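These notes concern the structure reproduced below.
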Amino acid sequence: MEAAPEKKRKIESDNDQGDIAPPVLCSFKGFDIEKVIAENSRNKTTTIHAKMGGKDAIVLLEKTPFDLDHVKKYLSDDTALKNTLKNDIYGTYEAFLPPTENAIKAVVIHPATEKHIQKYSDQERYIIRETPELYSNVTLPLLQSRQFSMQWVYNILEKKQEADRIVFEDPDPETGFILLPDMKWDRKDKNALYLVGIVHKHDVRSLRDLDDMSLPLLRNILIKGREAIKEKYNIPASRLHVYIHYQPSYYHFHMHFTHIKLEAPGFGADRAHLLTDVIENIEMMSEYYKKRTLTFVVREQEDLYIKYKENGYFEKE
Ligand code: G7M
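Under the numbering used here, think of the first position of the sequence shown as 237, with each following residue one higher.
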């Protein structure tokens, strides 16, 4: 395993303004819509490519679940009703909740790079079965040639951002990690709990790098992550999914902790690997994740898809 050198991290930024992070917004003033790049009526989300101050922005809008503590405010004088159907005892209405109850979730990425626009756009998807040889010859060289955009990860590990959101930290440089809410979770609905555990170590890129040397790290994250979630949110291990994405979006090793009721994007059989299974597989065979063929899905604008296509992977079909 190769260590990420300290000096390389300077060029790894999500933000093309270097270290200057853009200010917190208080409205969408100045945003011009370029295009709706993704839409999902089931998840009630829409993703917009916009321009702000001459730079690209991504805005993800998501309708949030009802907050049952506020149900009294929903059924009150303050909610205006517009009738859309009436038949005997049956009526349907458009209900306009008071503005304080009407918040939707907005995630803004600004300035956004071309890669962000690709990542968040609806695209055709393809399955890849990555043998160890394909990993060494196609995937790994691509990962090594990329300038990863992981400033947000370093900001968390160095407590420069999101420090007030940390749920738990084990500072051990070898087996330690920081557990905090994923950007996708609004921290209100416990049934939608979504935390990420980010390791302090810098030399684990993904599942492919794991072997029996990683077991103390993996077991530590599983045990302490579950304990911290039980203590803070009173959610037991039997109600939690703890898993690793392959491929991940960011090649600094991290874990996903989600509530069992949440249908988390990326929890499919083509991306999620349960941490308990990963530990057991490595206990049985240290080189398990180095020797196995791993399946994952790529999207047509991703550089991994393009690389596999260039290598003739899809011609065999
Ligand atoms: O697919 P992958 O395993 O790499 O997942 C990375 C996770 O990190 C996703 O679930 C993202 O929602 C989450 N994430 C991404 N960013 C940029 C941030 C961030 O800035 N803060 C937090 N808390 N989570 C993030």
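Note that CB positions come from ideal geometry on N, CA and C, so glycine has one too.
If you're wondering where the values come from, they're calculated on a predicted model, not measured in any experiment.
inquiry  = Counting beta carbon pairs with one atom in the region 390–404 and one in the region 495–506, are three or more of them shorter than 8 angstroms?
reply    = no
ask   = According to DSSP, which residues form a beta bridge with Arg365?
value = In the sequence shown, the residue the question calls residue 365 occupies position 129. Arg365 pairs with Thr531.
message = Give me, in chain order, the residues of the same chain whose beta-carbon lies closer than 6 angstroms to that of Phe489; leave out the 5 immediate sequence neighbours on both sides.
response = Walking along the sequence shown from the start, residue 489 turns up at place 253. Hits under 6 angstroms: Val435, Val440.
With 16 other Cβ atoms within 10 Å as the buried cut-off, status of Ile273 = Taking the first residue of the sequence shown as 1, we reach residue 273 at position 37. It is buried - the Cβ of Ile273 has at least 16 other Cβ atoms within 10 Å.
request  = Tell me where the beta strand (DSSP E) around Gly327 begins and ends.
outcome  = In the sequence shown, the residue the question calls residue 327 occupies position 91. Where Gly327 is concerned, the enclosing beta strand (DSSP E) stretches over 326–332.
ask   = Alpha carbon to alpha carbon, what distance is there between Lys395 and Gln253?
value = On the sequence shown, residue 253 is found 17 positions in, with the first residue counted as 1. On the sequence shown, residue 395 is found 159 positions in, with the first residue counted as 1. Its pLDDT being 46, under 50, Gln253 is placed unreliably by the model, and nothing is read from it.
key: Closest by C-alpha distance to Ala428, when choosing among Gly461, Tyr469, Tyr524, Ile364   = Numbered from 1 along the sequence shown, position 192 holds the residue referred to as residue 428. For the residues Gly461, Tyr469, Tyr524, Ile364, the minimum Cα distance to Ala428 belongs to Tyr469.
query = So, Leu458 versus Leu446, is the Cβ gap smaller than 9 angstroms?
reply = Position 222 of the sequence shown, counted from the start, is the residue given in the question as residue 458. Position 210 of the sequence shown, counted from the start, is the residue given in the question as residue 446. The answer is no: Cβ separation not under 9 angstroms.
task = Run the CB neighbour count on Glu366, radius 10 Å, all protein chains shown included, and call it buried at 16 or more, exposed below.
result = Position 130 of the sequence shown, counted from the start, is the residue given in the question as residue 366. That one is buried.
task = Assuming His346 and Pro258 form a contact by the criterion Cβ under 8 angstroms, report the distance between their Cβ atoms to the nearest whole angstrom.
result = Indexing the sequence shown from 1 puts residue 346 at position 110. Indexing the sequence shown from 1 puts residue 258 at position 22. Sure, about 6 angstroms apart at Cβ, within 8 angstroms.
key: Option in Tyr486, Ala293, Val432 with minimal Cα separation from His477   = What you label residue 477 is simply residue 241 of the sequence shown in a count that begins at 1. Checked all of Tyr486, Ala293, Val432; the closest Cα to His477 is Val432.
message = For a test of the three-state rule: what should DSSP assign to Asp418, helix, strand or coil?
response = As a working note, residue 418 is residue 182 in the sequence shown. Three-state DSSP puts Asp418 in coil, outside helix and strand.
Bridge partner(s) assigned by DSSP for Tyr479 = Position 243 of the sequence shown, counted from the start, is the residue given in the question as residue 479. BP columns for Tyr479 point to His492, Leu510.
request  = Taking Pro417 as the reference, give the member of Tyr541, Glu298, Leu530, His495 with the closest Cα.
outcome  = Walking along the sequence shown from the start, residue 417 turns up at place 181. Of the listed residues, the one whose Cα sits closest to Pro417 is His495.
query = Are the beta-carbon atoms belonging to Asp268 and Ala286 less than 9 angstroms from one another?
reply = Taking the sequence shown and counting its residues from 1, the one referred to as residue 268 is at position 32. Taking the sequence shown and counting its residues from 1, the one referred to as residue 286 is at position 50. Yes, the pair counts as a contact, with Cβ atoms nearer than the cut-off.
task = Within the same chain, show all residues whose beta-carbon is closer than 7 angstroms to that of Pro368, passing over the 5 residues directly before and after it, in chain order.
result = Numbered from its first residue, the sequence shown carries residue 368 at position 132. Closer than 7 angstroms at the Cβ level, and outside the excluded window around Pro368, lie Lys526, Lys527.
request  = Below 7 angstroms CB to CB, which residues in the same chain sit around Asp406 once its five sequence neighbours on both sides are set aside?
outcome  = Along the sequence shown, one-based indexing puts residue 406 at 170. Closer than 7 angstroms at the Cβ level, and outside the excluded window around Asp406, lie Gly412, Phe413, Asn456, Lys460.
message = Judging by CA-CA distance, which residue of Asp358, Leu530, Glu463 is the nearest neighbour of Ser277?
response = Residue mapping note: residue 277 aligns to position 41 of the sequence shown, counting from 1. The shortest C-alpha separation from Ser277 is found at Asp358.
message = For the ligand G7M, is there any heavy atom lying closer than 8 angstroms to the beta carbon of Ile480?
response = Residue numbering aside, residue 480 sits at position 244 when the sequence shown is read from its first letter. Yes, the beta carbon of Ile480 sits closer than 8 angstroms to at least one heavy atom of the ligand G7M.
task = Check each candidate in Ala464, Val389, Lys341 and name the one with the smallest Cα separation from Phe302.
result = Your numbering for residue 302 matches position 66 in the sequence shown. For the residues Ala464, Val389, Lys341, the minimum Cα distance to Phe302 belongs to Lys341.
key: Counterpart residues of His285 in DSSP-defined beta bridges   = Translated into the one-based positions of the sequence shown, residue 285 becomes position 49. Per DSSP, Lys271, Ile294.
ask   = Given that a residue counts as buried once 16 or more other Cβ atoms are within 10 Å of its Cβ, and exposed if not, what is Tyr487?
value = Looking up residue 487 in the sequence shown gives position 251. Tyr487 is buried by the Cβ-count criterion.
query = What does a CB cutoff of less than 6 angstroms around Pro452 pick up in its chain, not counting 5 residues either side in sequence?
reply = In the sequence shown, residue 452 corresponds to position 216, counting from 1. Within the same chain, Pro452 has close Cβ partners Thr411.
task = Out of Ile515, Val343, Arg507, Thr281, state which residue places its alpha-carbon closest to the alpha-carbon of Val260.
result = Position 24 of the sequence shown, counted from the first residue, corresponds to residue 260. When each option's Cα is compared against that of Val260, the closest is Val343.
Residues near Ala240 in its chain [Cβ-Cβ closer than 7 angstroms; skip 5 each side] = The residue given as residue 240 occupies position 4 in the sequence shown. Low confidence applies to Ala240: its pLDDT is 42, below 50, so where it sits in the model is not reliable enough to give any reading.
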